[in-house]
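Enquirer: One structure, pasted below without further comment.
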Amino acid sequence: MDVFNDLGQGILAILTVQNVLLLGAGVLMGMVVGVMPGLGPSAGLAILLPITFTLDPTGAVVMLAAVYYGAMYGGTITSVLINTPGESATVASTFDGYPMAKQGRAGPALVMAAVASFVAGTIGAILISVAAPLTASVAASFGPPELFLVVILGLLTLIVIVGKNRLLGALSALIGFALATVGIDIGGGEQRYTFGSTELINGIDFIPVAIGLFGVGEVLHTLWRGGHLEKIGYFSVSARKRGFWPTKADRRESRGPMLRGSFLGFFVGTAPGAGATVASLMSYNLEKSISRKPERFGKGAMAGLVGPEAANNAASAGAMVPLLTLGIPGSASTAVLIGGFLMWGLQPGPLLMEQNPEFAWGLIASMYLGNVMLLLVNIFCIPVFASVARVPFRVLAPIILLVCIVGTFTVNGSIIEVGIMLACGVLGFFMRRYGFSPAALVIALVLGPLGEETLRQTMLISGGEFGIFLERGTSVALLSIMLVLVLVPLLTPRLRRFTASRLDALSRRRQERRDEAEASSERDRTSV
Amino acid sequence: MRTKLITAAAAAALTVSLTACGAGSTGSEGSGGGDYPSEPLDWTIAFGPGGGNDIMARTMVDILQKEELYPENIEIQNREGGSGATGWGYLLGQSGSGYGVSTTSGSFITTPLQADTGWEPTDFTPVGLFATDDALLLVPGEGPIDTWEQWVEAAKAERLVVGGIGTVNVDFIVSAMLAEQAGYEVEYVPFNEEGQLQTALLSGAVDAMISNPGSILGQVEAGDMQPLISTAPERLDVLPDVPTAEELGFEGIPSMPRGLILPPDAPAEAQEWWIDTMKEVVETPEWQAYLDENYLSEDLRWGEDFTSYLTETQDRFEEILTEHGAL
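Chains A and B, in that order, are what the protein sequence lines are.
In terms of UniProt numbering, the first sequence is residues 1 to 528.
In terms of UniProt numbering, the second sequence is residues 1 to 327.
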């Protein structure tokens with residue numbers, strides 16, 4: 001096939017010694033950046049972009065792709081080990097990743113997360129090659145009404161994450177929505193709840209809040225329950241020991257979620273806006289609703305980690321589709337890349353792939369090779385990272401606090417954000433203490449502004465008519481998906497109970513008939 | 001043994017990342033004596049890497065270094081946040097110094113209008129305006145509308161929707177002024193990101209959008225979008241068929257100012273040095289290539305001319321925004 005030829009040539013073209021070294025360096029640098037709480041892929045790209053201007057475009061792209069995946073994985077590492085997501089797309093990885101690390105299974109968690117990223121990256125690269133033109137037309141059909149529905153799809157996961165504690169969960173989400181209203185109101189240009197501070201006019205960023213709620217909140221909560229006094233069992237993290245590698249059961253459990261997460265992630269990722277975040281949350285939602293043991297989710301279920309991990313990685317491949325085929329940045333990271341394109345003298349747009357095929361395919365190939373390199377580097381690095389789980393908490397806690405503060409400050413150099421982060425740490429402690437859901441708060445904070453913005457845009461466009469959602473093809477398709485997603489978990493137990501009771505009734509009737517038959521034959525016999 | 005090594009490596013990696021991130025800014029104090037420039041330059045970019053402002057600043061620094069115009073070190077920092085409030089606020093903090101520099105954009109005028117930034121554009125010491133980033137009004141490529149006249153006709157007949165970036169922003173002002181002077185009414189829908197704005201147009205959610213040639217030319221070349229009018233002083237070389245607003249009889253439609261400023265009350269000799277130097281910079285082939293590649297219109301105004309241009313533009317912005325209830 002032609003496209004595989006292009007992809008193969010792209011891979012061959014970038015496999016020079018210099019590029020492989022750049023790949024390795026990029027992955028390592030990305031991981032170091034990503035391990036800092038607060039610094040995710042887009043920050044990593046932004047920090048390292050100026051360095052790449054001295055390279056040729058291909059070398060630059062190779063390095064940036066590597067940085068991107070390295071930083072993404074770095075975020076996973078902190079999510080799993082210290083419960084602190086580096087960016088919104090790895091929030092879902094904390095749900096089951098951190099419980100696994102607490103159970104001493106940090107090794108398997110990190111290895112399977114890397115494998116999931118690799119599988120998703122592979123599927124993503126293949127899908128870009130095969131389905132780019134098709135998905136491009138879908139991506140181009142995403143206006144404000146469709147984006148609003150995608151946000152709602154993401155918010156639906158709140159139901160799953162909150163679980164049984166509905167009232168407290170809803171309250172947590174409401175706090176998130178409330179925080180999301182701070183800043184300039186995009187609709188009217190008014191300032192809301194900024195109290196005259198210029199630092200707040202762009203709103204409260206997700207990063208300090210997430211670091212505070214998850215990272216600092218967890219430290220405070222562990223201190224409160226006396227975790228610093230506990231003697232932790234010195235579980236082994238050596239790569240030569242058995243417990244470090246995923247078991248057969250882990251691998252079997254991961255297969256389905258990985259594949260589903262990859263496809264889901266790729267297609268959700270093509271939507272501009274909150275692609276990777278929504279994709280990872282949807283994947284978590286999906287895995288929990290179809291799992292035979294949903295009660296294990298949140299307590300260290302492998303499926304709850306690898307699904308979202310695959311989804312957020314495939315989403316970053318999906319985000320390349322609108323970038324390469326339409327010249328539209330689908331995420332914060334691709335927006336940074338577009339800036340890079342201009343610096344390298346490339347005109348982003350629908351003709352980019354036609355006019356600069358080597359560059360476009362080089363980009364896709366380097367994304368793929370970035371994944372390969374990530375897997376290779378990680379086989380050596382995971383034992384290092386996983387050894388964090390061996391450090392006694394009384395030593396680890398101050399380090400986590402310091403890293404959280406420095407990480408928050410580095411993002412924008414804002415001391416106010418450090419204050420927000422620490423305040424959220426205290427909030428996070430009380431939320432945990434009284435059974436609120438920090439995850440619901442963070443998701444509401446990330447998706448709330450996008451939801452508000454797109455709904456208001458939709459209403460401006462339609463003149464206040466909700467009918468607009470039924471007039472556009474893509475939006476109707478999204479509504480149908482939503483309906484299915486809501487109905488399936490509601491109906492499955494009922495359907496199961498119904499079929500079970502029907503089967504029951506059937507077998508009972510059969511039994512009765514048999515009894516009757518026996519009785520009558522006996523009667524016959526006696527009558528004879 | 002092995003685990004010890006590994007732990008040491010982990011610690012080392014952490015230390016490296018910490019120190020790398022800790023490298024902050026070093027403020028340059030004091031004004032130049034008789035021999036400006038004699039200190040390292042602290043160059044603030046008030047936006048993130050990859051944006052229009054960032055690209056311009058880095059091009060300038062590149063030229064200054066290649067031509068060896070600035071004898072000392074130039075330290076570039078992206079100080080983003082608050083729509084430029086953070087970066088230019090930092091420059092405000094360098095008042096009296098000749099060793100802080102920053103580049104301007106549309107937010108330099110609009111951000112102080114909507115937030116209490118503590119500074120006005122006119123507070124800073126002007127070096128000059130070099131170019132304007134012009135706006136285009138675009139419609140989908142395969143639609144019934146092909147010309148500005150058809151657009152006006154359609155807009156008078158039915159309710160049309162125009163998308164742009166932000167409310168208190170050049171895009172909104174351009175849309176409002178065009179509508180007012182041509183005598184039609186439109187619904188303006190503000191977006192936060194260029195990507196979402198572009199898909200809104202391609203998906204048919206909005207009927208037209210305001211954008212800059214640099215971000216949209218790819219779509220125009222591919223035939224996906226059709227520009228109807230530009231705010232450039234003259235027709236753009238790459239879009240020779242698109243009429244300018246001035247040709248069509250419009251007055252005072254603003255463009256985004258791309259200029260250079262020093263901190264408030266910078267020493268006169270620093271201002272003179274920068275005006276002289278930048279006059280050289282804008283003559284270089286690299287600078288001309290930058291203008292061509294980013295489709296900017298050259299518009300040179302030095303010193304006080306730049307300040308009066310800023311005052312004029314800001315007054316006009318304020319008037320229009322107040323009229324439309326955005327302020």
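For every residue, glycine included, the Cβ atom is placed at its ideal position computed from N, Cα and C.
1) Taking all protein chains shown into account, do 16 or more other C-beta atoms lie within 10 angstroms of the C-beta of residue 241 of chain B, making it buried, or fewer, making it exposed?
2) Excluding five sequence neighbours on each side, which residues of the same chain lie with their C-beta closer than 7 angstroms to the C-beta of residue 87 of chain A?
3) Go to residue 150 of chain B, then tell me how far its alpha helix (DSSP H) extends in each direction, as first and last residue.
4) Which same chain residues end up closer than 8 angstroms to residue 451 of chain A when comparing Cβ atoms and leaving out the 5 residues on each side of it in sequence?
5) Looking at residue 145 of chain A and residue 472 of chain A, is the spacing between their C-beta atoms short of 7 angstroms?
6) Could you name each continuous alpha helix (DSSP H) segment of 4 residues or more that falls completely within the region 270-319 of chain A, going from the start of the chain to the end?
7) So, does the region 377-391 of chain A touch the region 101-115 of chain A, judging by three or more C-beta pairs under 8 angstroms?
8) Answer yes if the region 42-62 of chain B comes into contact with the region 76-83 of chain B, meaning at least three C-beta pairs across the two stretches below 8 angstroms, and no otherwise.
9) Find the residues of chain A that neighbour residue 217 of chain B, judging by a C-beta separation of less than 8 angstroms, and give them in chain order.
10) With a threshold of 8 angstroms on Cβ separation, who are the neighbours of residue 247 of chain A within its own chain once the five nearest residues in sequence on each side are excluded?
11) Look at residue 134 of chain B and residue 232 of chain B and say whether their C-beta atoms are less than 7 angstroms apart.
12) Can you tell me which of A/82, A/95, A/36, A/52 puts its alpha carbon nearest to the alpha carbon of residue 72 of chain A?
13) Got a sec, what are the start and stop residues for the alpha helix (DSSP H) residue 65 of chain A sits in?
14) Please classify residue 12 of chain A as buried or exposed, where buried requires at least 16 neighbouring CB atoms within 10 angstroms.
15) Which residues, taken in chain order from the region 122-150 of chain A, show a beta carbon closer than 8 angstroms to some beta carbon of chain B?
16) Could you please give the first and the last residue of the uninterrupted alpha helix (DSSP H) stretch that includes residue 378 of chain A?
17) Does the Cβ-Cβ distance between residue 207 of chain A and residue 400 of chain A come in under 7 angstroms?
18) What are the residues of the region 136-167 of chain B that lie near chain A, defined by any Cβ-Cβ distance shorter than 9 angstroms?
19) Comparing alpha-carbon positions, which option in B/67, B/83, B/35, B/62 lies nearest residue 199 of chain A?
20) Spell out whether any CB of chain B is found under 7 angstroms from the CB atom of residue 54 of chain A.
21) Compare the C-alpha of residue 447 of chain A against each of A/51, A/163, A/181 and name the closest.
22) Just the Cα atoms here: how many angstroms apart are residue 8 of chain A and residue 365 of chain A?
23) Mapping the DSSP letters down to three states, classify residue 17 of chain A as helix, strand or coil.
24) List the residues of chain B whose Cβ lies closer than 8 angstroms to the Cβ of residue 352 of chain A, in chain order.
25) Taking residue 186 of chain B as part of the beta strand (DSSP E), name the residues at either end of that continuous run.
26) Touch check for the region 112-131 of chain A and the region 305-320 of chain A: three-plus C-beta pairs under 8 angstroms?
27) What whole-angstrom Cβ distance do residue 303 of chain A and residue 253 of chain A have, given they're in contact under 8 angstroms?
28) Could you give the C-beta distance for residue 174 of chain B and residue 207 of chain B, rounded to a whole number, given that I count them as a contact under 8 angstroms?
29) State buried or exposed for residue 85 of chain B, treating a residue as buried only when at least 16 other CB atoms are found within 10 Å of its CB.
30) By how many angstroms is the C-alpha of residue 190 of chain A removed from the C-alpha of residue 30 of chain B?
31) Alpha carbon to alpha carbon, how far is residue 318 of chain B from residue 419 of chain A?
32) What residues from chain A crowd round residue 206 of chain B, counting only those whose CB sits closer than 8 angstroms?
33) On the criterion of 16 or more Cβ atoms from any shown chain inside 10 Å, does residue 294 of chain B qualify as buried, or is it exposed?
34) At which residues does the alpha helix (DSSP H) containing residue 320 of chain B begin and terminate?
35) How many angstroms separate the CA atom of residue 262 of chain B from the CA atom of residue 405 of chain A?
36) Suppose the cutoff is 7 angstroms on Cβ atoms and the five residues either side in sequence are ignored; what does the same chain contact list for residue 250 of chain A look like?
Expert: Let's see:
1) exposed
2) 40, 41, 75
3) 148-157
4) 148, 151, 152, 155
5) yes
6) 275-290, 302-318
7) yes
8) yes
9) 347, 349
10) 108
11) yes
12) A/36
13) 57-82
14) exposed
15) 139, 140, 141, 142, 143, 144, 145, 146, 147
16) 357-386
17) no
18) 159, 161, 163, 166, 167
19) B/83
20) no
21) A/181
22) 8 angstroms
23) helix
24) 218
25) 186-191
26) yes
27) 6 angstroms
28) Actually they are not in contact, since the Cβ atoms of residue 174 of chain B and residue 207 of chain B sit about 16 angstroms apart, beyond 8 angstroms.
29) buried
30) Below a pLDDT of 50, predicted positions are generally treated as unreliable, and residue 30 of chain B, at 40, falls in that range; the measurement from the model is reported next regardless. Whole-angstrom Cα-Cα distance: 39 angstroms.
31) 34 angstroms
32) 143, 461
33) buried
34) 304-323
35) 32 angstroms
36) 108, 112, 302
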